[in-house]
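So the protein lines, in turn, are chains D and U. Using the working numbering, the letters of the first sequence correspond one by one to residues 1 to 174. Using the working numbering, the letters of the second sequence correspond one by one to residues 1001 to 1174.
Number of protein chains: 2
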Amino acid sequence: MTRETLLPAMAAHVLEHGIAGVSLRPLAKAAGTSDRMLIYHFGNRQGAIDALLDYLAKLYETGLEAALPAKRARNRCETVRQILQVTAADELKPFMRLWWDVVAAAASGDETFRKSAASTMGLLLDWLEAHMPEDDPDPRGGARLLLTFIEGSQMLDAVGRADIAEAGLAALEG
Amino acid sequence: MTRETLLPAMAAHVLEHGIAGVSLRPLAKAAGTSDRMLIYHFGNRQGAIDALLDYLAKLYETGLEAALPAKRARNRCETVRQILQVTAADELKPFMRLWWDVVAAAASGDETFRKSAASTMGLLLDWLEAHMPEDDPDPRGGARLLLTFIEGSQMLDAVGRADIAEAGLAALEG
DNA sequence: GCCCACTTGTAGCGAGTGCTACAAAAGGCT
DNA sequence: AGCCTTTTGTAGCACTCGCTACAAGTGGGC
Chain D
1 MTRETLLPAM AAHVLEHGIA GVSLRPLAKA AGTSDRMLIY HFGNRQGAID ALLDYLAKLY
61 ETGLEAALPA KRARNRCETV RQILQVTAAD ELKPFMRLWW DVVAAAASGD ETFRKSAAST
121 MGLLLDWLEA HMPEDDPDPR GGARLLLTFI EGSQMLDAVG RADIAEAGLA ALEG
Chain U
1001 MTRETLLPAM AAHVLEHGIA GVSLRPLAKA AGTSDRMLIY HFGNRQGAID ALLDYLAKLY
1061 ETGLEAALPA KRARNRCETV RQILQVTAAD ELKPFMRLWW DVVAAAASGD ETFRKSAAST
1121 MGLLLDWLEA HMPEDDPDPR GGARLLLTFI EGSQMLDAVG RADIAEAGLA ALEG
């Protein structure tokens, strides 16, 4: 049992139950070990969370890369729809639940979570900028515009008001 | 000491320390009473949280109405900037910290928080729709578009990437 | 065999959690 | 004054929390 063999099960646990308030004993149980061993491997709770955030970021990145379409969209709205569709898939949905946990911790001043969230946004921004429509007049600014809109959509979806974002996108298209 | 006299101090406490994971004893201490009395007045912890969410929603609404400019903007971008500026003010900033706490709880399935968040979004949407530029061709759809973008901006700001949203808005204007 | 470093289990500490039983105070009503 | 309802304090229960002391196992190198 190394930390590398433990992390997948631990990640599955926090994807289901949240990471900001996770406690050692349930986390250890999910990984088939004891709180004692988590402390042994990761030093303390914060060490486990740090390792988890790293692991989950990589997990999210590979999952995203596998799911995102390779070919570019024809226009900005289609790009938005591509991402919204991909992140709504079952395999990435748990990451969205976790995401707001990370954002909340970041907003309340936790630097570890803030950095993790910021780098995730950087990741998405890079992909977006590289996959803007070919004829886009301003891929750099457009990618930032779309990312902001996309994240607003995700939040509204999280609180059950996906209808607002959908109507907003429709207004953009129409 | 009625619940009405307790709520302001309790609200101040959760605005600073978050509401989703608040515990009775610190909350009671902040309100100058005991956990015993919170249970007496609100039945249980959930009752206190419910009352707090209600109270905070009203507090936010009045604070917002007082701060939002009365006159309409000339274009959509200016409307966005109006709201972003207002919600970034010191008096409303604590609400933003609390907001992501509520969103995270909503995203992880708590129906109380979900309803509270959804109704807050409804509130903002109503104001936006009523204050769209006069010559806007589609105030209804436009308001939804702007709200989605605005909320994306707020999130990016919460994780320290306000630069992305700012550049996105600039791209929209330029 | 023998030693030694690595890994794991057991038990527990001090603190905090929501909540309750019980009783004392307090204040209005007759 | 006497009563009775509302409000409050004290003490505690059963539980979880992160973490640690201590010791037992485990396996490789000599």
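Glycine included, each C-beta is placed from N, C-alpha and C at the ideal position.
Contact under 8 angstroms by Cβ, residue i with residue j
i	j	result
D:Leu6	D:His41	yes
U:Leu1064	U:Ser1116	no
D:Leu156	U:Glu1061	no
U:Asp1136	U:Arg1076	yes
D:Ser56	D:Leu98	The question names Ser, yet the displayed sequence has Leu at residue 56 of chain D. Closer than 8 angstroms, so yes.
D:Val103	U:Ala1118	no
U:Ala1009	U:Gly1032	yes
U:Met1096	D:Arg161	no
U:Ala1030	U:Met1037	no
D:Arg72	D:Glu173	no
D:Ile164	U:Leu1125	yes
Under 8 angstroms from the C-beta of residue i: neighbouring residues of chain U
i	result
D:Ala118	Val1159, Gly1160, Arg1161
D:Ile164	Met1121, Leu1125, Arg1144, Leu1147, Thr1148
D:Ser153	Thr1148, Gly1152
D:Asp138	Ala1171, Gly1174
D:Gly18	Ala1104, Ser1108
Length of the line joining the Cα atoms of residue i and residue j
i	j	result
U:Leu1024	D:Pro139	50 angstroms
D:Glu166	U:Val1159	24 angstroms
D:Asp101	D:Gly142	28 angstroms
D:Gly109	U:Pro1094	12 angstroms
U:Arg1114	D:Glu4	36 angstroms
U:Arg1045	U:Gly1018	14 angstroms
U:Glu1078	D:Ala106	28 angstroms
D:Ala171	U:Asp1035	50 angstroms
D:His13	U:Thr1112	24 angstroms
U:Ala1089	U:Pro1026	27 angstroms
Interface residues of chain U facing residue i [CB-CB closer than 7 angstroms]
i	result
D:Ser34	Going along chain U, no residue has its Cβ under 7 angstroms from D:Ser34, so there is no contact; the nearest lies around 25 angstroms.
D:Ala170	Gly1141
D:Ala167	Gly1141, Arg1144
Option in the options with minimal Cα separation from residue i
i	options	result
D:Val80	D:Met1, D:Phe149, D:Met10, D:Glu134	D:Phe149
U:Gly1168	D:Leu128, D:Arg114, D:Ile49	D:Leu128
D:Ala67	D:Thr33, D:Ala118, D:Thr87, D:Arg36	D:Thr87
D:Ala48	D:Lys58, D:Ala104, D:Ala20	D:Ala20
U:Pro1069	U:Leu1059, U:Leu1084, U:Lys1058	U:Leu1084
D:Asp51	D:Ala11, D:Met1, D:Arg72	The sequence given here places Ala at residue 51 of chain D; Asp does not occur at that position. When only C-alpha atoms are compared, the closest one is D:Ala11.
D:Leu123	D:Pro133, D:Arg144, D:His17, D:Gly18	D:Arg144
U:Thr1002	U:Ala1106, U:Asp1090, U:Ile1039	U:Ile1039
U:His1131	U:Gln1082, U:Glu1111, U:Ala1171	U:Gln1082
D:Leu92	D:Ala106, D:Gln154, D:Gln46, D:Ser34	D:Gln154
Partners in chain D for residue i, counting only beta-carbon separations shorter than 8 angstroms
i	result
U:Val1086	Here the premise fails: no neighbours, minimum Cβ distance about 17 angstroms.
U:Asp1101	Ala104, Ala107, Ser108
Partners in chain U for residue i, counting only beta-carbon separations shorter than 9 angstroms
i	result
D:Ser23	Residues of chain U passing the Cβ test: none, with the nearest at roughly 12 angstroms.
Proximal residues of chain D, C-beta to C-beta of residue i below 7 angstroms
i	result
U:Ala1106	Ala158, Val159
U:Arg1114	Val159, Gly160
U:Arg1097	Ala107, Ser108
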